[in-house]
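All residue numbers for the sequence shown refer to the UniProt record's numbering, where the first residue is 1 and numbers rise by one. The beta carbon of each residue, even a glycine, is placed where N, CA and C say it ideally should be. It should be emphasised that the depicted structure is a prediction, and the values quoted were computed from it without experimental measurement. Below is one structure, written out as structure tokens; comments come after it.
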Amino acid sequence: MTLKVFVSYSWDLLNVRAAIQERLRLLDVIPVVDREIVSHENRSIHENIRKHLLESDLVVVVFAQETLKSVEVREELTLAHTWGIPVICFVDKNLDSNDRDKIPWFLRDKLECRYNSQSKSSTDEILEQLNGVINRKLTEKTKPDSNNTFSKLEIHRIIRASNERLMDINDQEHFRLSIAQNVVRALNQELENLSRSDYTVDLSLDQNFLLRASGLFANATRIYATSIDSLSSFWIANNPENAIGYTRIQPSNTMRLFVFSSALSMHQYRYVLTEQHKQYGSDGAVFMCSIDSYNLLVGSLLNANLRRRLAGKDFAFLEFGDQAKPYLATLSSDTLHCKQLDSASVYSSLKDAFDNFACLQKLERDDQYKVLKWVPSFANHDPDWKLALEALFSPEARSLSRRQVFHHIFFHSRVVTGNNAKALESAIVKAISVLRQIPKRRDDSEMLIKNITFGQMIPSESINNLKVLDGRFKGQIIIGNHHLETFPYCLSMALDSIEDLEYYYSHPLHSEAREEIFSACDDRIRKLYKMIHNESSPQIKADLYHAIEGIANGIVVRADYFDVDRLDYVLKTEPVKFA
């Protein structure tokens with residue numbers, strides 16, 4: 001690490017400063033900053049003194065009568081002391097007791113270098129001693145623990161700079177200081193963890209979001225927010241402590257719309273919604289709707305530009321007291337973003353809609369947007385809760401076309417004999433990277449396939465050798481893969497709906513991946529694809545493709561499953577704990 005030296009001096013000692021500066025430059029590895037440099041920058045001299053001191057590892061000062069009169073020198077030394085920057089003092093032997101008393105108190109007991117200002121060689125005295133000081137610093141770098149020493153110096157420099165950054169935060173926007181407080185508190189906790197033998201830290205997006213959003217939302221005086229189940233997973237995380245704390249700081253007049261992809265998902269949130277209502281249900285409101293209703297609402301109430309900005313994101317409009325301009329906060333799968341808006345007019349229609357939703361009565365569904373307002377009976381009265389689920393996820397909404405699809409492709413053993421196994425594995429690796437690029441039909445910021453995996457069957461001998469007993473009755477469990485040995489490989493993926501499955505099949509990237517896989521499965525298919533590429537006649541192309549399908553149906557088996565979304569099944573599942 002390079003040392004940076006700040007030279008503190010009075011204008012009367014320019015010749016001494018120049019000699020010190022030249023000597024430090026001769027050492028080659030030590031950049032020098034001083035007041036002459038900072039005074040030429042496009043800032044006030046006091047701003048630049050602070051800036052360059054923040055970057056310095058060492059301060060050199062020559063105490064003569066002239067120096068003791070300098071306001072800038074006293075400012076520089078005070079800042080260096082405050083920030084813990086080492087100061088090397090060169091003190092004139094000819095100073096009387098009154099002059100020495102003017103040396104800042106925090107430097108009086110520091111080790112100092114002496115020189116005689118009356119001597120013709122006074123500057124040489126300073127430079128000779130400076131050589132010794134710098135050489136000691138350089139020697140420290142070669143010690144076994146030098147990396148630790150200089151790492152700590154760098155950390156202290158960062159801390160000093162951070163303290164300065166806090167001064168720049170607009171104290172009129174109090175939420176910024178609150179976010180800073182949360183981040184610094186978390187950093188302090190992590191440093192404490194680092195001092196222990198086992199170092200553990202939560203790196204999840206949920207944790208990072210809650211750490212910052214708590215300061216942002218706690219200081220708002222009014223909030224209009226949405227929370228989509230596929231994005232805000234922190235509500236039903238294994239450890240709900242942070243989400244509970246986040247709930248407790250929501251303003252009492254918050255209005256939040258929870259958006260669900262299925263009745264099962266909504267039921268999982270039952271206890272979460274209960275606690276939201278306890279926090280802000282009296283003066284604010286908790287709403288619920290399906291993802292289809294949400295898309296209709298956003299499409300109707302927000303302009304096209306704002307819809308593009310909010311695609312694939314949770315959002316909240318936050319108002320802060322008498323500030324004329326509100327803020328828009330968005331949360332995507334990996335980013336929290338906050339920006340001040342020019343005016344509240346951009347979301348006035350959505351705000352009016354939320355205010356109308358707040359007037360809904362028990363089990364009254366908004367006719368246009370199919371939104372329900374949470375009422376306390378939903379928490380513990382199952383008949384009312386079932387009616388709420390039915391209101392948002394009617395039999396039509398829960399039809400096969402709206403339910404999540406699990407798509408499986410099983411590969412016959414005849415395609416993986418000999419070297420074909422490696423060829424198939426290589427082809428599928430390429431195909432998966434292609435398939436993951438397929439975007440949703442109506443939102444290209446979101447990918448079509450939720451997850452995709454490729455697996456090989458565990459050999460029968462390995463399974464058969466497992467001796468497994470029932471956990472309660474201790475009886476032998478008969479396990480084995482013999483009934484599926486004909487299909488040793490399986491490619492599996494999840495999609496949001498049968499509509500997405502249809503779109504997946506028809507997408508050009510699927511066609512590309514399909515060719516990659518099937519060509520590796522059977523050489524006849526590879527040759528047929530080559531013929532298609534070289535053929536111009538549409539009819540002949542169709543005939544060739546029909547031949548490919550005929551061969552493919554003999555080497556793969558497809559199986560598609562829907563998630564179970566019957567309300568009787570849903571109600572038997574246990575909602576996620578939130579306490």
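Looking at the structure shown, is residue i part of a helix, part of a strand, or coil, going by DSSP?
i: residue 439; result: strand
i: residue 226; result: strand
i: residue 453; result: strand
i: residue 579; result: coil
i: residue 543; result: helix
i: residue 329; result: strand
i: residue 466; result: coil
i: residue 120; result: coil
i: residue 60; result: strand
i: residue 404; result: coil
i: residue 272; result: helix
i: residue 337; result: strand
i: residue 244; result: helix
i: residue 609; result: Coverage of the chain is limited to positions 1 through 579, which leaves residue 609 absent and any answer about it impossible.
i: residue 89; result: strand
i: residue 12; result: helix
i: residue 409; result: strand
i: residue 207; result: helix
i: residue 250; result: coil
Use the C-beta contact count for residue i: other C-beta atoms within 10 angstroms, 16 or more gives buried, fewer gives exposed.
i: residue 342; result: exposed
i: residue 134; result: buried
i: residue 382; result: exposed
i: residue 374; result: buried
i: residue 255; result: buried
i: residue 351; result: buried
i: residue 105; result: exposed
i: residue 116; result: exposed
i: residue 243; result: buried
i: residue 514; result: buried
i: residue 407; result: buried
i: residue 196; result: exposed
i: residue 274; result: buried
i: residue 473; result: exposed
i: residue 500; result: buried
Going by Cα to Cα distance, which pick from the options is closest to residue i?
i: residue 63; options: 462, 114, 232; result: 114
i: residue 283; options: 222, 13, 185; result: 222
i: residue 564; options: 217, 551, 264; result: 264
i: residue 226; options: 354, 155, 568; result: 354
i: residue 521; options: 489, 492, 424, 272; result: 424
i: residue 276; options: 496, 296, 253, 291; result: 253
i: residue 156; options: 22, 58, 109, 456; result: 58
i: residue 307; options: 461, 347, 574, 269; result: 347
i: residue 516; options: 426, 23, 416; result: 426
i: residue 68; options: 82, 52, 92, 83; result: 92
Measure the CB-CB distance between residue i and residue j and report whether it falls below 9 angstroms.
i: residue 79; j: residue 88; result: no
i: residue 61; j: residue 47; result: no
i: residue 5; j: residue 56; result: yes
i: residue 505; j: residue 528; result: no
i: residue 449; j: residue 493; result: yes
i: residue 269; j: residue 236; result: yes
i: residue 511; j: residue 482; result: no
i: residue 336; j: residue 212; result: yes
i: residue 294; j: residue 251; result: no
i: residue 218; j: residue 127; result: no
i: residue 409; j: residue 558; result: yes
Any heavy atom of the ligand MN closer than 8 angstroms to the CB of residue i?
i: residue 116; result: Absent from the structure shown: the ligand MN. Ligands present: none.
I'd like to confirm the pairing. Which residues does DSSP put opposite residue i in its beta bridges?
i: residue 318; result: 223, 327
i: residue 372; result: 288
i: residue 393; result: Residue 393 pairs with nothing; no bridge assigned.
i: residue 113; result: 90
i: residue 255; result: 224, 285
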